[in-house]
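Numbers 19 to 692, taken from my numbering, label the letters of the sequence shown in order. In what follows, a single structure is set out as structure tokens and then discussed.
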Amino acid sequence: MPILDSKMGKVRKNYSVEELKEAANLMRGLNLVSLCAAKSGHSGGTLSIMDITAALYLKVARHDPQDPFWDGRDRIIWSTGHKAPSLYLGLGMAGYFDVEEVVKLRKLWAPFQGHPHWPKLPGVEAYTGSLGQGLSIAVGIALAGRLDEKGYTVYALTGDGEHQEGQIWEAIMEAGDYKLDNLINIVDKNRLQIDGWVKDVMDIDPLAEKYKSFKWNVIEIDGHNIEEILKAIQEAKSFRGKPSVIIAHTVKGKGVDFMEDIAGWHGKAPNYEQMMSGLEQLGLKGNLDVERLLQKAADYQAQVDTKLAAKQPKFSRDYFWNLSPKMNVKMDPTRKGFGRALSERGDDERVVCLGADISGSITISQFYEDHPERRNRFLSMGIAEQSGTGVAAGLAKEGKITVFGTYGVFSAGRNLDQLRTTVCYGNFNVLIAGAHGGVSVGPDGATHQALEDLFQICGLPNMKVVVPCDSVETKKATEYLLFEIKGPKYIRYAREATPIVTREDTPFVFGKANVVRYGGEKENFIDAFETILASNYTSEGEDLTIVACGPEVPEAMRAAYILKEDFDIETRVVNIHTLKPLDEEAIIRAAIDTGVIVTAEEHQVGGFGNRISAVVCQSLDIYQKARVIMGMIGVKDRFGESGQPWELIKEFEVSGEHIAKLAKELYDKKKSLE
Ligand SMILES: Cc1ncc(C[n+]2csc(CCOP(=O)(O)OP(=O)(O)O)c2C)c(N)n1
Numbered sequence: 019m020p021i022l023d024s025k026m027g028k029v030r031k032n033y034s035v036e037e038l039k040e041a042a043n044l045m046r047g048l049n050l051v052s053l054c055a056a057k058s059g060h061s062g063g064t065l066s067i068m069d070i071t072a073a074l075y076l077k078v079a080r081h082d083p084q085d086p087f088w089d090g091r092d093r094i095i096w097s098t099g100h101k102a103p104s105l106y107l108g109l110g111m112a113g114y115f116d117v118e119e120v121v122k123l124r125k126l127w128a129p130f131q132g133h134p135h136w137p138k139l140p141g142v143e144a145y146t147g148s149l150g151q152g153l154s155i156a157v158g159i160a161l162a163g164r165l166d167e168k169g170y171t172v173y174a175l176t177g178d179g180e181h182q183e184g185q186i187w188e189a190i191m192e193a194g195d196y197k198l199d200n201l202i203n204i205v206d207k208n209r210l211q212i213d214g215w216v217k218d219v220m221d222i223d224p225l226a227e228k229y230k231s232f233k234w235n236v237i238e239i240d241g242h243n244i245e246e247i248l249k250a251i252q253e254a255k256s257f258r259g260k261p262s263v264i265i266a267h268t269v270k271g272k273g274v275d276f277m278e279d280i281a282g283w284h285g286k287a288p289n290y291e292q293m294m295s296g297l298e299q300l301g302l303k304g305n306l307d308v309e310r311l312l313q314k315a316a317d318y319q320a321q322v323d324t325k326l327a328a329k330q331p332k333f334s335r336d337y338f339w340n341l342s343p344k345m346n347v348k349m350d351p352t353r354k355g356f357g358r359a360l361s362e363r364g365d366d367e368r369v370v371c372l373g374a375d376i377s378g379s380i381t382i383s384q385f386y387e388d389h390p391e392r393r394n395r396f397l398s399m400g401i402a403e404q405s406g407t408g409v410a411a412g413l414a415k416e417g418k419i420t421v422f423g424t425y426g427v428f429s430a431g432r433n434l435d436q437l438r439t440t441v442c443y444g445n446f447n448v449l450i451a452g453a454h455g456g457v458s459v460g461p462d463g464a465t466h467q468a469l470e471d472l473f474q475i476c477g478l479p480n481m482k483v484v485v486p487c488d489s490v491e492t493k494k495a496t497e498y499l500l501f502e503i504k505g506p507k508y509i510r511y512a513r514e515a516t517p518i519v520t521r522e523d524t525p526f527v528f529g530k531a532n533v534v535r536y537g538g539e540k541e542n543f544i545d546a547f548e549t550i551l552a553s554n555y556t557s558e559g560e561d562l563t564i565v566a567c568g569p570e571v572p573e574a575m576r577a578a579y580i581l582k583e584d585f586d587i588e589t590r591v592v593n594i595h596t597l598k599p600l601d602e603e604a605i606i607r608a609a610i611d612t613g614v615i616v617t618a619e620e621h622q623v624g625g626f627g628n629r630i631s632a633v634v635c636q637s638l639d640i641y642q643k644a645r646v647i648m649g650m651i652g653v654k655d656r657f658g659e660s661g662q663p664w665e666l667i668k669e670f671e672v673s674g675e676h677i678a679k680l681a682k683e684l685y686d687k688k689k690s691l692e
């Protein structure tokens, strides 16, 4: 079926097979340019699924690009959400928008988010990116179509690694049981995932036999052969009494020789030379106006830069990181501290690490990378956060010190009931790594930015929670949690490089806060501050307090620097690295001593701040001795966005400037009421 004009009942465009092949090739080229302009994104999987995308959007699906919500349209659910660019190119080529717009991929405020966002971009049918959820949505839509006697077909696009998610099998079971013959699942079986070959990470084969036993009609094809794709979809559409799965055998990175079958190209974008080489291989060099496309992306970025700069609170000068010759900081991602600790301390035979197919990025693979003898104690679970959490508990029950980690959204949320009932209720010795906490995860966007994990995790009885402020503190915290805390424990760390503000000899006492005081500008930012264990600190009569956790501690320190230099306001920064148990005494003393508390978290506002405010409100000491005003910095009840990490820190108003602005406002209120 060609692309339709739903109002007139006419054909808008009917692609021939040759035209489809050409379109898929062009889409591959635009994909490379867009990823290159974004400087991040998923090359391998977008290329493996491109022929299927072209066939689906340009030939097979019934849809009307001028009327994206036409009720008679086929529904296409892009469950394999990280392959969003191919979805965008399919929509663009079909005419939903100018296809060249896709060069704004992964940029702040653009509708071309790192993972699909349906209200932002007409034609997208669902938010996806948390793997394994799309097929269930497709089952629901197919059931609705049946109930309402609508004639649409529902297509789901899934990955082979994605089939490690238990939820996929629940959906497969449901579709089989309900005999949903209006549902077609197309599996991009490129045999690779992030950590390597699917068969090595967690084998899903024999896939065809599994689907058959779940009562599905199974078709297997070469996923790069347009004729086979068209024929298979036709066959699936006319098959009655069962849902159909098309297992499309594909090559990850198809069309670009240095990307083909290479796991390292999963989540990596080509640089300019690599993109040009790719375009040459696709026969597109000279046919695509690359410079104009890149300029279009750059122009959009320039607009973002201007708008964002206008939004930032202003002070006498620009205090942002590393802009002046003074106050230099070294940056290092907090996640590196986690990996270093595992690498250095992993010799203990009790330590067992569980991987969830994101091992390099969250640094859990450091456990074995330089220590091949530990390989047998690294157990790959596949993309299966729920079962992985239960397995961690089982290992812990038998005396292991188990470490399970993935993105915080999936290690604290996807498995919340498993954490609650299996890990915490049983009080098992499991260290959960909540990686990629906060908006600074960057261009992957909302689905991958853990902004609710502290709400989820801190509410669990028996759970200990640490959110370290830099990579040095992350290493100390990881070591401490591993060997000194027996029971459930959560460590939250971030993806982006953030300032190193502590040293080897900076105090780190679990459950005890540090006070950080600004003492005047220095060549290096770290030297401008003194850090003292809060219980050893004597008040210096500061004007206000900023209580922070994680990489918001460096931002709070920068706020203290701004407040002193611009307004001569003295700030007590309190680094609460341990959220559970909380150092209540440090908070109460700060409240009594200064009367102003600003909390700062890179999280939905309140996950941290509410805990601090609960301490303040319940303190009889404060009630008797002080008047306290509080304010909170955090993400204001909204989902994340794609963008560069530091752009997002500004856009979500969690920068040092935002902290300083709020602190100054509260300080002025305090002064006006004195
Ligand atoms: C629930 C969840 N866990 C982890 C991830 C991180 N992640 C993104 S892509 C990916 C690998 C997907 O493998 P596959 O489905 O085979 O896709 P392909 O290799 O074709 O890109 C993982 C683990 C995620 N997006 N969602």
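Note that CB positions come from ideal geometry on N, CA and C, so glycine has one too.
Just reading off the alpha helix (DSSP H) that residue 163 is part of, what are its end residues?
152 to 165
Flag this pair as yes or no: are the beta carbons of residue 622 and residue 473 separated by less than 8 Å?
yes
Should residue 353 be counted as a contact of ligand 1 given a C-beta to heavy atom distance under 7 Å?
no
Give a single yes or no on whether residue 595 has its beta carbon closer than 7 Å to a heavy atom of ligand 1.
no
Using CA atoms only, rank isn't needed, just tell me which of 213, 135, 227 and 255 is closest to residue 173.
255
Apart from the five residues just before and just after residue 44, which ones in its own chain have a Cβ nearer than 6 Å to its Cβ?
none
Could you check what DSSP says for residue 398 in three-state terms: helix, strand or coil?
strand
Residues that residue 238 bridges to, as DSSP identifies them:
265
Counting only runs that start and end within the segment 297 to 345, where is the alpha helix (DSSP H) found for 4 or more residues in a row?
308 to 329
Supposed contact pair residue 592 and residue 487 - C-beta distance, whole angstroms, cut 8 Å
That pair is no contact at about 11 Å.
Taking Cβ positions, are residue 675 and residue 457 nearer each other than 8 Å?
no
So residue 206 is in the beta strand (DSSP E); what residue range does that whole segment cover?
201 to 207
How would you write the range of the beta strand (DSSP E) that residue 532 sits in, first residue to last?
532 to 536
Does the count of Cβ pairs from the segment 651 to 667 and the segment 459 to 476 closer than 8 Å reach three?
yes
Taking only three categories from DSSP, how would you classify residue 290?
helix
Can you find at least 3 beta carbon pairs, one from the segment 599 to 607 and one from the segment 631 to 640, that sit closer than 8 Å?
yes
Count the other C-beta atoms from every protein chain shown that fall within 10 angstroms of the C-beta of residue 566, then say buried if there are 16 or more, exposed otherwise.
buried
Using C-beta distances below 6 Å, list every residue in its chain close to residue 588, excluding the 5 sequence neighbours before and after it, in chain order.
560 and 561
Decide if residue 370 is buried, meaning its Cβ has at least 16 other Cβ atoms within 10 Å, or exposed.
buried
Proximity of residue 681 and residue 581 at Cβ, strictly below 8 Å
yes
In the DSSP output, what is residue 517 paired with across the bridge?
349
Pairwise C-alpha distance: residue 627 and residue 170
48 Å
Tell me whether residue 439 is buried or exposed, calling it buried when 16 or more other Cβ atoms sit within 10 Å of its Cβ.
exposed
Using only the alpha-carbon positions, how far apart do residue 84 and residue 677 sit?
45 Å
Taking the alpha-carbon positions, what's the residue 133 to residue 68 distance?
16 Å
Any idea what DSSP makes of residue 404, helix, strand or coil?
helix
Please indicate yes or no: does the CB of residue 186 lie closer than 7 Å to some heavy atom of ligand 1?
no
Three-way DSSP call (helix, strand, coil) for residue 380 in this model
coil
Return the chain-ordered list of same chain residues with a C-beta closer than 7 Å to the C-beta of residue 273, the five sequence neighbours on each side being excluded.
46, 65, 299 and 300
Give the list of continuous alpha helix (DSSP H) stretches no shorter than 4 residues that lie fully inside the segment 408 to 440.
426 to 430
Apply the 10 Å Cβ neighbour rule to residue 575 and answer buried if 16 or more other Cβ atoms are within range, or exposed otherwise.
buried
Counting along the chain, where does the alpha helix (DSSP H) carrying residue 30 start and finish?
No alpha helix (DSSP H) holds residue 30; the beta strand (DSSP E) holding it covers 28 to 31.
Around the Cβ of residue 690, are there at least 16 other Cβ atoms within 10 angstroms (buried) or fewer (exposed)?
exposed
Determine whether the beta carbon atoms of residue 352 and residue 520 lie at a separation below 8 Å.
no
Which same chain residues, not among the five before or five after residue 71, have their C-beta less than 6 Å away from its C-beta?
104 and 108
Measure the alpha-carbon distance for residue 330 versus residue 120 and round it to whole angstroms.
28 Å
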